[in-house]
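Enquirer: Chains as they are written, first to last, in this note's numbering: chain A, 2 to 249; chain B, 2 to 249. Just so you know, even glycine gets a beta-carbon here, dropped at the ideal spot from N, CA and C.
2 protein chains.
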Amino acid sequence: MALQDIHSAHVDCGDCPIRHRAVCARCEADELSALEQIKYYRSYQSGQTIVWSGDRMDFVASVVTGIATLTQTMEDGRRQMVGLLLPSDFVGRPGRGTAAYDVTATTDVVMCCFRKKPFEEMMGKTPHIAQRLLEMTLDELDAAREWMLLLGRKTAREKIASLVAIIARRHASLNLKRAGGAMVVDLPLTREEMADYLGLTLETVSRQISALKKEGVINLEGKRHITIPDFDRLLEEAGDDQDGGMLV
Amino acid sequence: MALQDIHSAHVDCGDCPIRHRAVCARCEADELSALEQIKYYRSYQSGQTIVWSGDRMDFVASVVTGIATLTQTMEDGRRQMVGLLLPSDFVGRPGRGTAAYDVTATTDVVMCCFRKKPFEEMMGKTPHIAQRLLEMTLDELDAAREWMLLLGRKTAREKIASLVAIIARRHASLNLKRAGGAMVVDLPLTREEMADYLGLTLETVSRQISALKKEGVINLEGKRHITIPDFDRLLEEAGDDQDGGMLV
DNA sequence: GGCGATCCTTGATGCAGATCAAGACAAGAA
DNA sequence: TTCTTGTCTTGATCTGCATCAAGGATCGCC
Chain A
2 MALQDIHSAH
12 VDCGDCPIRH
22 RAVCARCEAD
32 ELSALEQIKY
42 YRSYQSGQTI
52 VWSGDRMDFV
62 ASVVTGIATL
72 TQTMEDGRRQ
82 MVGLLLPSDF
92 VGRPGRGTAA
102 YDVTATTDVV
112 MCCFRKKPFE
122 EMMGKTPHIA
132 QRLLEMTLDE
142 LDAAREWMLL
152 LGRKTAREKI
162 ASLVAIIARR
172 HASLNLKRAG
182 GAMVVDLPLT
192 REEMADYLGL
202 TLETVSRQIS
212 ALKKEGVINL
222 EGKRHITIPD
232 FDRLLEEAGD
242 DQDGGMLV
Chain B
2 MALQDIHSAH
12 VDCGDCPIRH
22 RAVCARCEAD
32 ELSALEQIKY
42 YRSYQSGQTI
52 VWSGDRMDFV
62 ASVVTGIATL
72 TQTMEDGRRQ
82 MVGLLLPSDF
92 VGRPGRGTAA
102 YDVTATTDVV
112 MCCFRKKPFE
122 EMMGKTPHIA
132 QRLLEMTLDE
142 LDAAREWMLL
152 LGRKTAREKI
162 ASLVAIIARR
172 HASLNLKRAG
182 GAMVVDLPLT
192 REEMADYLGL
202 TLETVSRQIS
212 ALKKEGVINL
222 EGKRHITIPD
232 FDRLLEEAGD
242 DQDGGMLV
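Laid out in structure tokens, this is it:
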């Protein structure tokens, strides 16, 4: 099973799929082997909660494989997703003891974890880690701000188009395959999760996806599999000028 | 005039009002004097644009006095404010050449600037700066994510109450005066700017402020001066559990 | 094959906030 | 004083999305 695979196959950081994108991306061989000694893997099943908001959190981690979400919940149950964690994304905050958000596995997830204390010590000794973490945090801040524009000012239709565009772009940048004109994506989220991300209801999400499909902006096969015949058309629908933006 | 005052009075970082909160907060005396040699002040008048989105930006800076805003604009003119910059907040991103947002002075503003190149070099040599910048960036990310919840899920009334609460809290933390029960704040933003921050129209902002006033949640004197008789009541209206959150 | 469970779609209706419109208020200029 | 300009308030109406409601599709399981 996948869990076993990861636990055995990835003991060597050199073979790690996120070696060149994660918080360790800038590390030299010696730094990497120091990290290697304090790391450990953990696996979570799809749907499982990785961290509860408010809980004590004594580790930080990188997503190795799978997708997780960061969500905030109000007392009356209203939910807003505030981050989508893809492979290489970092979870947790050095210098803070409790989690600020719920972290949930949307697919099966494998994380590369470090206990907080040793990691913080390493950060002090290893500027390459701190540098990379700063860079990643700044990227996330940009992504969050782009999302603020979406949440505050875009229509439901534009929100959906933006989400599809962002997922497609990320997909392309990770998998580096782009079949000429048409792009292909699988939505990693349910309609409800999309709604939580976009500040909509799941019904509105469903309706707008249907509308974009009917008008040929996207093609749907099943519920999750999307092909995008004309990416520029999609960006137009998203209300993004030229290039939009790259989420984290 | 204030401009003169600043230019002469604050040549010494030791006397700087943001010495212990800005990006230089952690610096030792020697590091500070190195920074001192490359810094320079710039002043902007209320309403003036400090940086245009997309423009080349060859400096980074800290807000010393005054208030500035970070906004994003869509081609059709829809605007969303994505950050409110108070004294000690940092502007610009090491490792990037162009500005991602419009930065606008909402009041008269004095900034402590560093040309990007020398600042980046200093950052490499001075971990205290990089550390502090990481910390500030993580705080901003938290604030941005809190704002995502507000934009995506809160009602107009809750949005207004949240904004007032956040400004009041910041005000209190900067000025350290809290007259027993009642808090006093001056809104640093016009109704339109508030609307841009909250993802509303200025009419809705006006109506909700009137409603909160009528119901005694806040008291208004003139258009900008607010007193808050019962802060917990305000937080309740904001939909925040216990403490809400601290915007950067 | 039938039966739940989960996820998704679609329709009917309602309402919060946008839009359109008119004027109030204050400060400065002529 | 009167006019102008910028800012804010308030009313009337409209509309995009939420809400309420009813099924459909797909899956695994007995």
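At the 8 Å Cβ level, is A:R133 part of the contact set with chain B, yes or no?
Expert: Locating residue 133 of chain A in the first sequence gives position 132, counting from the first residue. A:R133 does not count as touching chain B.
Enquirer: Between B:I229, B:R116, B:K40, which lies nearest to B:D183 when the distance is taken from Cα to Cα?
Expert: Within the second sequence, the letter at position 182 stands for residue 183 of chain B. Just to set this straight, residue 183 of chain B is Ala in the shown sequence, not Asp. Residue B:I229 is the option with its Cα nearest to B:A183.
Enquirer: Given a cut-off of 8 Å, decide if B:K160 and B:L201 are closer than it, judged by their beta-carbon atoms.
Expert: Numbered from its first residue, the second sequence carries residue 201 of chain B at position 200. Numbered from its first residue, the second sequence carries residue 160 of chain B at position 159. Yes.
Enquirer: Around the C-beta of B:L87, are 16 or more other C-beta atoms found within 10 angstroms, so that it is buried, or is it exposed?
Expert: On the second sequence, residue 87 of chain B is found 86 positions in, with the first residue counted as 1. Flag for B:L87 reads buried.
Enquirer: Quick test of your reading: B:S63 and B:I130, contact by CB under 8 Å. State the CB separation rounded to the nearest angstrom.
Expert: Within the second sequence, the letter at position 62 stands for residue 63 of chain B. Within the second sequence, the letter at position 129 stands for residue 130 of chain B. Actually they do not touch by this definition, with Cβ atoms about 11 Å apart.
Enquirer: Let's see if you can read the secondary structure: which residues bound the alpha helix (DSSP H) around B:Y41?
Expert: Your numbering for residue 41 of chain B matches position 40 in the second sequence. It is not in any alpha helix (DSSP H) - B:Y41 instead sits in the beta strand (DSSP E) that spans 40-45.
Enquirer: Is there a Cβ of chain A sitting closer than 8 Å to that of B:E121, yes or no?
Expert: To locate residue 121 of chain B, count along the second sequence from 1; it is residue 120. Cβ-Cβ to chain A under 8 Å: no for B:E121.
Enquirer: Please list the terminal residues of the continuous alpha helix (DSSP H) segment that includes B:M123.
Expert: Along the second sequence, read from residue 1 onward, the residue named residue 123 of chain B stands at position 122. Counting along the chain, the alpha helix (DSSP H) containing B:M123 begins and ends at 117-126.
Enquirer: Closer than 9 Å by beta-carbon distance: list the chain B residues that pair up with A:P128, in chain order.
Expert: Walking along the first sequence from the start, residue 128 of chain A turns up at place 127. Residues of chain B passing the Cβ test: G125, P128, A131.
Enquirer: List the residues that DSSP assigns as beta-bridge partners of A:Q81.
Expert: Along the first sequence, one-based indexing puts residue 81 of chain A at 80. Answer is A:Q73, bridged to A:Q81.
Enquirer: Reducing DSSP to helix, strand and coil, say where B:H21 ends up.
Expert: If you number the second sequence from 1, residue 21 of chain B lands on position 20. Coil.
Enquirer: Given that A:V83 touches chain B, what residues does it touch there, using C-beta distances under 8 Å?
Expert: Along the first sequence, read from residue 1 onward, the residue named residue 83 of chain A stands at position 82. Simply R146, M149, L150.
Enquirer: If we count the other Cβ atoms within 10 Å of its Cβ and call it buried at 16 or more, is B:V12 buried or exposed?
Expert: Indexing the second sequence from 1 puts residue 12 of chain B at position 11. Burial call: exposed.
Enquirer: Within a Cβ cutoff of 7 Å, which residues of the same chain sit near A:M137, ignoring the five residues on either side of it in sequence?
Expert: Walking along the first sequence from the start, residue 137 of chain A turns up at place 136. Cβ within range, chain order: V24, F91.
Enquirer: I'd like to know if B:R171 contacts chain A, where contact means its C-beta is closer than 8 Å to some C-beta of that chain.
Expert: Walking along the second sequence from the start, residue 171 of chain B turns up at place 170. No - not a single Cβ of chain A is within 8 Å of the one on B:R171.
Enquirer: Which residues mark the beginning and the end of the beta strand (DSSP E) in which A:E222 is found?
Expert: To locate residue 222 of chain A, count along the first sequence from 1; it is residue 221. A:E222 -> beta strand (DSSP E) spans 220-222.
Enquirer: Exposed or buried, A:E121, counting other C-beta atoms within 10 Å across all chains shown (16 or more means buried)?
Expert: Within the first sequence, numbered from 1, the residue matching residue 121 of chain A stands at position 120. That one is exposed.
Enquirer: In the DSSP assignment, what residue or residues form a beta bridge with B:D241?
Expert: As a first step, residue 241 of chain B is located in the second sequence; it is residue number 240 there, counting from the start. Answer by DSSP bridge pairing: none, since B:D241 is not bridged.
Enquirer: Reducing DSSP to helix, strand and coil, say where B:T191 ends up.
Expert: For this step, residue 191 of chain B is matched to residue 190 along the second sequence. Here B:T191 sits in coil by DSSP.
Enquirer: Who pairs with B:S63 in a beta bridge, going by DSSP?
Expert: Here residue 63 of chain B refers to the residue found at position 62 when the second sequence is read from its first residue. For B:S63, which the question treats as bridged, DSSP gives the partners B:F91, B:C113.
Enquirer: Alpha carbon to alpha carbon, what distance is there between A:M58 and A:D197?
Expert: Here residue 197 of chain A is taken as the residue at index 196 of the first sequence, counted from 1. Here residue 58 of chain A is taken as the residue at index 57 of the first sequence, counted from 1. Those two C-alpha atoms are separated by around 24 Å.
Enquirer: Mind checking which residues open and close the alpha helix (DSSP H) that includes A:A26?
Expert: By one-based count along the first sequence, residue 26 of chain A stands at place 25. From DSSP, A:A26 is part of no alpha helix (DSSP H); its letter is neither H nor E.
Enquirer: Inspect the beta-carbon positions of A:T70 and A:T105 and report whether they are closer than 8 Å.
Expert: On the first sequence, residue 70 of chain A is found 69 positions in, with the first residue counted as 1. On the first sequence, residue 105 of chain A is found 104 positions in, with the first residue counted as 1. The answer is yes: Cβ separation under 8 Å.
Enquirer: Looking only at DSSP bridge pairs, what is A:R226 linked to?
Expert: Within the first sequence, the letter at position 225 stands for residue 226 of chain A. Here residue 226 of chain A is His; the residue named in the question, Arg, does not match the sequence. According to DSSP, which records beta bridges pairwise, A:H226 is partnered with A:D187, A:E222.
Enquirer: Return the chain-ordered list of same chain residues with a C-beta closer than 8 Å to the C-beta of B:I51, the five sequence neighbours on each side being excluded.
Expert: Against the second sequence, residue 51 of chain B aligns to sequence position 50. Cβ within range, chain order: Y45, A69, V92, V104, T105, A106, V110, M112.
Enquirer: Would you identify the three-state DSSP class for B:T12, choosing helix, strand or coil?
Expert: Translated into positions along the second sequence, residue 12 of chain B becomes position 11. First, the amino acid is wrong: residue 12 of chain B is Val here, not Thr. Of the three classes helix, strand and coil, the one that applies to B:V12 here is coil, per DSSP.
Enquirer: Which first and last residues belong to the alpha helix (DSSP H) in which B:I210 is found?
Expert: Looking up residue 210 of chain B in the second sequence gives position 209. Run containing B:I210: 203-215, per the alpha helix (DSSP H) assignment.
Enquirer: CA-CA distance, B:D241 and B:C17?
Expert: Position 240 of the second sequence, counted from the start, is the residue given in the question as residue 241 of chain B. Position 16 of the second sequence, counted from the start, is the residue given in the question as residue 17 of chain B. Near 35 Å, if we compare the C-alpha coordinates of B:C17 and B:D241.
Enquirer: In whole angstroms, what separates the C-alpha of A:S89 from that of A:R22?
Expert: Taking the first residue of the first sequence as 1, we reach residue 89 of chain A at position 88. Taking the first residue of the first sequence as 1, we reach residue 22 of chain A at position 21. If you take the alpha carbons of A:S89 and A:R22, they lie about 6 Å apart.
Enquirer: Pull up the distance between the alpha-carbon of B:G125 and that of B:E222, whole angstroms please.
Expert: What you label residue 125 of chain B is simply residue 124 of the second sequence in a count that begins at 1. What you label residue 222 of chain B is simply residue 221 of the second sequence in a count that begins at 1. So the alpha carbons of these two residues sit roughly 50 Å apart.
Enquirer: What are the start and end residues of the beta strand (DSSP E) that includes B:D231?
Expert: Numbered from its first residue, the second sequence carries residue 231 of chain B at position 230. It is not in any beta strand (DSSP E) - B:D231 carries neither H nor E in the DSSP assignment.
Enquirer: Put B:D197 into one of helix, strand or coil per three-state DSSP.
Expert: Locating residue 197 of chain B in the second sequence gives position 196, where the first residue counts as 1. Helix at B:D197.
Enquirer: Taking the C-alpha atoms as reference points, what is the distance between A:Q132 and B:V83?
Expert: Translated into positions along the first sequence, residue 132 of chain A becomes position 131. Translated into positions along the second sequence, residue 83 of chain B becomes position 82. Rounded to whole angstroms, A:Q132 to B:V83 spans 24 Å at the Cα level.
Enquirer: Please name the residue or residues paired with A:A106 in a DSSP beta bridge.
Expert: As a working note, residue 106 of chain A is residue 105 in the first sequence. Answer is A:A69.
Enquirer: Would you mind reading off the limits of the beta strand (DSSP E) that contains A:T50?
Expert: Start at 1 with the first residue of the first sequence, and residue 50 of chain A comes out as number 49. Note, A:T50: beta strand (DSSP E), 50-52.
Enquirer: Which chain B residues are close to A:L142, counting only those with a beta carbon under 8 Å from its beta carbon?
Expert: One-based indexing of the first sequence puts residue 142 of chain A at position 141. Ordered by position in chain B, the residues that pass the 8 Å Cβ test against A:L142 are T138, E141, L142, A145.
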